[in-house]
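Okay, so the sequence shown: first residue is 1477 according to the numbering used here, each after it adds one.
A virtual CB, placed ideally from N, CA and C, is assigned to each residue, including glycine.
These numbers come from a predicted model, not from an experiment.
Worksheet: one structure, shown below.
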Amino acid sequence: MSNDNSPQLYVPTEIYSPDAENVVYFSRSKSRYWLHGLLFLLTIFSTLIVGSRLEWNFLNGLPSFSMDDSIFPSLTWAFQGRNLLLGIPFSLTLMLILLAHEMGHYIYCVRYRVSATLPFFIPFPTLFGTMGAFIRIRSPLRSRDALFDIGIAGPIAGFVVALPVLIFSLGLSHVALNGAGVPEIQFGYPLVFQLVQTLLASSGHAHQIAGVSLSHLYLHPVAVAAWVGMFATSLNLLPGGQLDGGHIIFSVSPRAHRKISNATIIALIPMAVYFWAGWLIWAILLRLSGMRHPAVPPYPALSRGRQRLATLALVMLVLTFAPSPILHGSLFEVLQQQWHGIR
């Protein structure tokens, strides 16, 4: 969820800052349905390519990911219809999770009569075939309750879809015997994966994964999509800037928003050094996006029920957050590998 601040004609609205008054102009631009549709179809295609590779590797006991993975090496054979159809389970699952998240935001924008775009999906030649999706809010928010509801609706909707998918697909995964099928790029798993594994094992289902380290599992492609969905949820719930977590923090306490955003940035830097280098990129993005927040009327204050519901956002963050989403990818380890390579 982002805010469009292009300088076109529309009712101006302030950007809130506890220390200063700044003005930014929000705009109401014409909806470009063709662009939303095109990006949606391109993202389906790019995730189909990735999914077909994952499914092929899973069926043939090959590593799901390697260090040089991108969608480009797969393009030639992926254009063969039968190969591309293999990617449907991964693509459909991931697109549903992303769509649920963004439509959670959009539906509450409609409920509060806030002008917002349809979701923009981002096709991209990454490990997962997409950089996610976002909507743009194009009009002022008239209450802190509205900001809170719009901000938290996306993560809840995405999580509600991703959780049953995870429960179903983790049981389809199996143990990688003698390292066969273990990818060069390995995931770090959030708490929700560990809880679901324990639940499945204790209930007698998926006995093949009972007592096995998650790092030794060969994830089914649908479980990979669930992992991506949980990862996206945790990123959006980071408490800072214009992320969903930042909107939730602002709705609870506008004056705490800047301090908590800065604290999040500071915390991400050592995490990049010791856990995952990507946290440095997120720290930079949060800083560049600025600590200002679109103005929301300070009164009435956020309702008590919503203040309690904010705890749910924290619980979802704890469940979905993995300090090392990619193992052996800390800045320290990356620099160490580069140093050994030079020597």
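Residue i, buried or exposed, once every other Cβ within 10 Å from all chains shown has been counted against 16
i, result
"residue 1502", "Unreliable placement is indicated for residue 1502, whose pLDDT of 44 sits below 50; the coordinate value is still reported in the next sentence. That one is buried."
"residue 1758", "buried"
"residue 1726", "buried"
"residue 1703", "buried"
"residue 1828", "It is not possible to answer for residue 1828, since the shown part of the chain is limited to 1477 through 1819."
"residue 1709", "buried"
"residue 1750", "exposed"
"residue 1776", "exposed"
"residue 1515", "buried"
"residue 1807", "buried"
"residue 1779", "exposed"
"residue 1770", "buried"
"residue 1497", "The predicted position of residue 1497 is uncertain, since its pLDDT is 35 and thus under 50; no value can be drawn from it."
"residue 1773", "exposed"
Sequence-distant residues of its chain with Cβ nearer than 7 angstroms to residue i (five each side left out)
i, result
"residue 1533", "1539 and 1540"
"residue 1547", "Because the pLDDT of residue 1547 is 49, which lies under 50, any placement of that residue in the model is unreliable, and the number read from its coordinates should be weighed accordingly. If we look at residue 1547 and ignore the five residues flanking it on each side, its Cβ neighbours are 1522, 1525, 1526, 1601 and 1605."
"residue 1786", "1724 and 1728"
Range of the contiguous alpha helix (DSSP H) that encloses residue i
i, result
"residue 1774", "From DSSP, residue 1774 is part of no alpha helix (DSSP H); its letter is neither H nor E."
"residue 1721", "1720-1728"
"residue 1692", "Element bounds for residue 1692: n/a, residue is neither H nor E."
"residue 1602", "Unbroken run through residue 1602: none, as it is neither H nor E."
"residue 1678", "1667-1678"
"residue 1662", "Segment: none, residue 1662 is in no alpha helix (DSSP H) and carries neither H nor E."
"residue 1783", "1780-1796"
"residue 1524", "1509-1535"
"residue 1573", "1564-1587"
"residue 1558", "1557-1561"
Enclosing beta strand (DSSP E) for residue i [first to last residue]
i, result
"residue 1820", "Within the shown structure, residues of the chain are numbered from 1477 to 1819, placing residue 1820 beyond reach of any answer."
"residue 1608", "1606-1610"
Contact set for residue i: own chain, Cβ-Cβ below 6 angstroms, skip 5 residues either direction
i, result
"residue 1611", "1477, 1578, 1581, 1582, 1592, 1593 and 1595"
"residue 1519", "1597, 1599 and 1606"
"residue 1566", "1527, 1530, 1697 and 1701"
"residue 1736", "1715 and 1725"
"residue 1569", "1641, 1698 and 1701"
One or two residues paired with residue i in a DSSP bridge
i, result
"residue 1592", "1613"
"residue 1650", "1694"
"residue 1752", "1805"
Neighbourhood of residue i by C-beta, 8 angstroms cutoff - its chain only, sequence neighbours within 5 removed
i, result
"residue 1802", "1661, 1662, 1663, 1664, 1752 and 1754"
"residue 1669", "1642, 1646, 1690, 1703 and 1706"
"residue 1747", "1755 and 1799"
"residue 1810", "1753"
"residue 1762", "1714, 1716, 1717, 1719, 1737, 1740, 1741 and 1744"
"residue 1783", "1728"
"residue 1652", "1658, 1692, 1693 and 1694"
heavy atom of the ligand NAP below 7 angstroms from residue i C-beta
i, result
"residue 1581", "Of the ligands one can find in the structure shown there are none, so the ligand NAP has no counterpart to examine."
Is it true that the segment 1689-1699 meets the segment 1613-1623, where meeting means three or more beta-carbon pairs spaced less than 8 angstroms apart?
Cβ pair count under 8 angstroms is below three, so no.
Segment contact, 8 angstroms Cβ cut-off, at least three pairs: the segment 1634-1648 with the segment 1568-1575
Taking 8 angstroms as the limit for Cβ pairs, the verdict is that the segment 1568-1575 does touch the segment 1634-1648.
For the segment 1562-1571 against the segment 1518-1538, are there 3 or more C-beta pairs whose distance is under 8 angstroms?
Yes, the segment 1562-1571 touches the segment 1518-1538.
Quick one: any contact between the segment 1669-1687 and the segment 1731-1749, if contact means 3 or more CB pairs under 8 angstroms?
Touching, no.
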